[in-house]
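Under the working numbering, think of the first position of the sequence shown as 19, with each following residue one higher.
Everything on this sheet refers to the single structure shown next.
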Amino acid sequence: MKKYILINAAWLILALGAFLLGRSSPRDTAESKEPIIRKSSGKNSSSRSAYQATASSRLVNSSQPNFASGRQGSTVTVSQFLSERDPLLANRMFAELILSMDASSAGRIFEELKSRRTQGSDEQMGLFLRAWGQLDGTAAMQAVDEFEGDPRRQAGAGIAAISGWASKDPEGAKAYLDTVDSEIARGVLTQGIVSGMASTDPDGATDYVLELDQL
């Protein structure tokens, strides 16, 4: 009799446990599917969306000039570029400035950059001179002479200008090199010619280096 009662009690406990487990499982499963970090909803979500929209609108519809591709239609000025505090916009403006300039405007831009060089960087001047060298190598190299008071900057400027020249007109850049008297300057500018040729004609640059080794 006692054994029979114990067996019935055991079955009752198992049935009760199964019943309770059945009620709790769907709830636990539903809760387990919820993310640990929940996204905000309602007012907070709306506020965040409004903020993102305002920020995007501010970036696109800022007071900066429109950017055009190629070498036409740019309204970016050196003053605007140097006055821009946002580094991303400043870099974008500088790229547009040098990509849209032509041989007739390069000299004016150079004078403005040089007169306010404390607000720019040697890297930006180098990029500008490379672009100018592609447009007018002779004029760009003449501008490099204005750095004669600072040999380090003059060397960097010369490499940038003649590398741009060599990327478009390698024979013209080589002919200019033949007119340079200083052996040190010739060595420095040769690096620029090789660099410029390598960017557009790697095989030609290799042949040129081999020619130099035979001199």
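For glycine and all other residues, C-beta sits at the position ideal for the given N, C-alpha and C.
In this text the structure is predicted, and so the values were computed from the model without any measurement.
Going by Cα to Cα distance, which pick from the options is closest to residue i?
i      : options                           : result
Leu145 : Trp183, Gly167 and Asp196         : Trp183
Met215 : Glu102, Ser185 and Val198         : Ser185
Met143 : Leu100, Glu201 and Pro220         : Leu100
Pro188 : Arg134, Val162, Ile202 and Gly155 : Gly155
Asp140 : Ala178, Asp196, Gly205 and Gln98  : Ala178
Ser122 : Ala157, Val198 and Phe112         : Ala157
Gln209 : Thr197, Asp199, Ala223 and Ala108 : Ala223
Arg134 : Leu233, Gln98, Pro220 and Ser200  : Gln98
Trp150 : Pro169, Ser118, Thr95 and Phe165  : Ser118
Lys132 : Leu207, Leu107, Arg171 and Val227 : Arg171
Glu164 : Val96, Lys192, Gly125 and Leu233  : Gly125
Thr95  : Leu106, Phe112 and Leu107         : Phe112
Gly176 : Ile202, Leu207 and Asp196         : Leu207
Asp196 : Leu230, Thr93, Ala108 and Ala161  : Leu230
Ile202 : Pro169, Ala161 and Val162         : Pro169
Quick one: using the 10 Å Cβ neighbour count with 16 as the cut-off for buried, is residue i buried or exposed?
i      : result
Leu147 : buried
Glu52  : With a pLDDT of 43 at Glu52, under the threshold of 50, the modelled position of this residue cannot be trusted; read the value that follows with caution. Label assigned to Glu52: exposed.
Thr218 : exposed
Ile211 : buried
Gly167 : exposed
Leu115 : buried
Gln232 : exposed
Where residue i and residue j are concerned, what is the direct C-alpha to C-alpha distance, given to the nearest angstrom?
i      : j      : result
Met159 : Ile180 : 7 Å
Asp225 : Gln152 : 21 Å
Tyr194 : Ala173 : 15 Å
Arg103 : Arg204 : 39 Å
Gly190 : Val198 : 13 Å
Glu130 : Ser200 : 29 Å
Phe128 : Asp120 : 12 Å
Leu107 : Thr93  : 14 Å
Lys192 : Pro220 : 16 Å
Ser213 : Pro105 : 28 Å
Val227 : Arg110 : 35 Å
Gln70  : Val162 : Here the model assigns Gln70 a pLDDT of 47, short of 50, so the residue's position is not dependable and the matter cannot be decided.
Closer than 8 Å, CB to CB, is residue i near chain B or not?
i      : result
Leu233 : Included in the structure is just one protein chain, with no chain B present.
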